[in-house]
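Shown next, in structure tokens, is the structure this report addresses.
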Amino acid sequence: MRLLCLSNGHGEDVIALRILQALRQQPNPPNIEALPIVGVGHAYTQAGISIAGAVKRMPSGGFINTDRSQLARDLQGGLLQLTLEQIRTVREWSTGEQSNQSKSISQPSKSESSFILAVGDIVPLVFAWLSGLPYAFIGTARSEYYLRDESGWLPRQSWWDDRLERWTGCVYLPWERWLMRHPRCKAVFPRDRITALSLKRYGIPAFDLGNPMMDGLDRGNGEWRDVEVKPSTANPTLTLLLLPGSRPPEAYDNWETLLQAANGILAQMQGSLRLLVAIAPGLDAAVFHQQLLAYRWQQTETEAYAIGVGDRRATLTLMRPNQFAESLHVADLAIAMAGTATEQFVGLGKPAILIPGKGPQFTPTFAEAQTRLLGASVELVTEPVQAFSAIRSLLANPDRLHLIAENGRRRLGEPGAAKRIAQCLLERMGAG
């Protein structure tokens with residue numbers, strides 16, 4: 000069995016990789032190749048998975064949906080030519096043919112079957128359909144929670160907002176559902192239960208197996224806990240996780256906004272404060288260091304800083320990428336300007352304060368949509384100075400914190416989704 004995985008974004012690559020790695024651990028795994036439609040697929044190459052065709056990094060970084068002005072830049076950067084070439088690659092892969100541009104395509108034996116796994120939104124789904132092969136779809140971008148929750152439709156600012164989705168009764172539009180209901184589509188894995196139940200109403204082979212983004216978040220073996228400050232009952236230390244995002248230069252702009260929020264919180268709250276900063280791979284820690292010094296933080300040791308005195312003292316630690324999962328578990332609350340990382344934090348049953356930025360990803364539009372996706376677990380503020388009031392309100396309401404814990408786990412699901420999806424996928428691949 001040959002499998003070609005199509006994905007359209009860095010986050011989608013990471014989710015796809017978790018499932019591909021789980022597939023590799025199954026008996027008689029398929030021969031796997033990947034084609035990242037957005038970006039160059041570092042996640043795949045680092046894991047030893049071959050790239051099947053042409054890839055290119057676009058100016059938008061793949062955030063056309065959140066900033067339409069980026070589309071013109073991508074078109075100028077060769078988006079149309081790249082898309083046509085990638086479609087040709089998928090079709091050639093499906094038959095085992097090779098062109099001059101696709102020398103890496105594997106050659107199937109006469110008895111070997113082929114399968115497409117699409118991860119993301121309608122773009123890889125269309126590519127999968129164009130292949131002429133059986134396929135499965137992992138829908139990472141859409142959720143019924145954008146439209147409604149278990150109680151009913153969500154209020155929207157304008158009558159026109161989501162009008163087509165509301166009229167058709169589903170977050171996936173009719174042509175998207177047609178692709179998922181096609182006889183060659185063997186399985187659909189939505190990101191949450193409410194979406195799976197919605198798709199099943201249309202005869203779509205949807206499976207509610209959880210969200211792979213919650214996999215791999217187990218706490219480490221204590222490297223961070225060894226230096227963890229234990230809060231006293233008399234003067235408890237509040238631990239905040241700052242999430243600036245993962246893509247430069249946007250993450251650096253977000254970092255300054257988060258610093259403004261942190262300094263505002265320290266100026267108003269009583270008690271000590273501990274800040275953890277999630278530094279994603281590809282971000283330059285030196286930029287974070289320089290901005291900390293500009294805001295009068297003092298470096299106390301490598302990657303550690305402090306400001307204030309006595310009860311108004313705060314410490315800050317720049318967390319390395321391999322400490323990300325640990326920081327999610329240690330923190331009480333997050334101030335977030337990120338996509339996937341915010342969802343993972345909420346999925347652990349914890350609250351997050353959202354502050355929109357300039358983009359291209361974490362714009363006011365994106366942040367507002369994230370409030371619908373994550374519900375009671377997040378609160379949106381428009382300015383950094385408002386973060387303290389939001390935190391004070393949260394901490395004063397234990398019942399709300401209990402609701403947030405339940406809400407996050409329900410919306411993001413239990414760990415182990417990648418293995419469950421891989422097992423189901425193998426069964427569906429062999430179903431003919």
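Each residue of the sequence shown is one higher than the one before, starting from 0 at the first, in numbering that gives the first Met the number 0.
Backbone N, C-alpha and C fix where the C-beta goes; we use that ideal spot for every residue, glycine too.
Name, in chain order, the residues that DSSP records as bridge partners for residue i.
i      : result
ASP120 : BP columns for ASP120 are empty, so no partner.
ALA148 : According to the sequence displayed, residue 148 carries Asp and not Ala. GLY151, per the DSSP bridge assignment.
SER49  : GLU32
ARG273 : THR238, THR314
GLN298 : TYR304
LYS55  : GLY38
ASN7   : VAL37
CYS184 : TYR134
ARG1   : ASN30, SER113
LEU347 : DSSP output for LEU347 lists no bridge partner at all.
ALA205 : VAL187
ALA335 : LEU242, LEU353
Would you mind stating whether residue i and residue j have Cβ atoms separated by less than 7 Å?
i      : j      : result
LEU208 : ARG419 : yes
LEU411 : ASN210 : yes
SER271 : THR299 : no
ASN406 : MET336 : no
LEU347 : LEU332 : no
GLU164 : LEU146 : yes
PHE114 : LEU22  : no
LEU34  : GLY52  : yes
ILE50  : GLY40  : yes
ALA42  : VAL13  : yes
ILE31  : LEU19  : yes
TYR171 : ARG141 : yes
PRO355 : SER376 : no
GLY202 : ARG183 : no
LEU274 : LEU216 : no
SER93  : LEU124 : no
LYS55  : ARG427 : no
GLU378 : ALA395 : no
LEU282 : ALA303 : no
GLN25  : ALA421 : yes
GLU175 : ILE121 : yes
Near residue i, what residues of its chain come up, given a Cβ to Cβ distance below 8 Å and the 5 sequence neighbours on each side ignored?
i      : result
GLY338 : GLY10, GLY244, GLN360, PHE361, PHE365, GLN369
GLY415 : GLY209, ASP214
ILE86  : PHE126, LEU129
GLU413 : GLY209, MET213
LEU265 : LEU272, ILE306, GLY307, ARG311, ALA313
ASP148 : ILE193, GLY374
Using a Cβ-Cβ cut-off of 6 Å (strictly less than) and excluding sequence neighbours within five positions of residue i, which residues of its own chain qualify?
i      : result
MET0   : PRO29, SER112
ALA260 : ILE334, PRO383, ALA386
ALA195 : PRO189, ALA205, ASP207
ALA279 : SER245
ALA15  : CYS4, SER6, VAL118
LEU373 : VAL345
LEU178 : LEU124, TRP128
VAL226 : At VAL226, the pLDDT of 36 sits below 50, so the modelled position is not reliable and the matter cannot be decided from this model.
GLY429 : none
Just to check my reading of the structure: residue i and residue j have Cβ atoms closer than 8 Å, yes? What is that Cβ distance to the nearest angstrom?
i      : j      : result
SER197 : CYS169 : 5 Å
PHE344 : LEU240 : 7 Å
ARG295 : ILE306 : 6 Å
LEU400 : LEU393 : 7 Å
THR238 : ALA330 : 5 Å
LEU242 : ALA340 : 5 Å
VAL440 : LEU317 : Any property of residue 440 remains undetermined from this structure, which presents the chain solely from 0 to 431.
LEU116 : TYR144 : That belief does not hold up - the Cβ atoms of LEU116 and TYR144 are roughly 24 Å apart, past 8 Å.
ILE258 : GLN289 : Reading the sequence as shown, one finds Leu at residue 258 and not Ile. Between GLN289 and LEU258 the Cβ distance is about 11 Å, and since that is not below 8 Å, they are no contact.
For residue i, collect the residues of the same chain with a Cβ closer than 7 Å to its Cβ; drop the 5 residues on either side in sequence, then sort them by chain order.
i      : result
ASN27  : none
THR82  : none
ARG218 : ALA324, GLU325, HIS328
GLU367 : LEU379
THR44  : ILE50
THR167 : PRO173
GLN269 : ASP310
Does at least one heavy atom of the ligand SAM sit under 6 Å from the Cβ of residue i?
i      : result
GLY338 : Looking for the ligand SAM in the displayed structure turns up nothing, as the structure carries no ligands at all.
Taking only beta-carbon positions, decide if residue i is within less than 7 Å of chain B.
i      : result
ALA260 : Here chain B cannot be found, since the structure has a single protein chain.
Restricting to runs no shorter than 4 residues, where is the alpha helix (DSSP H) found entirely within the segment 364-427? 386-394, 397-411
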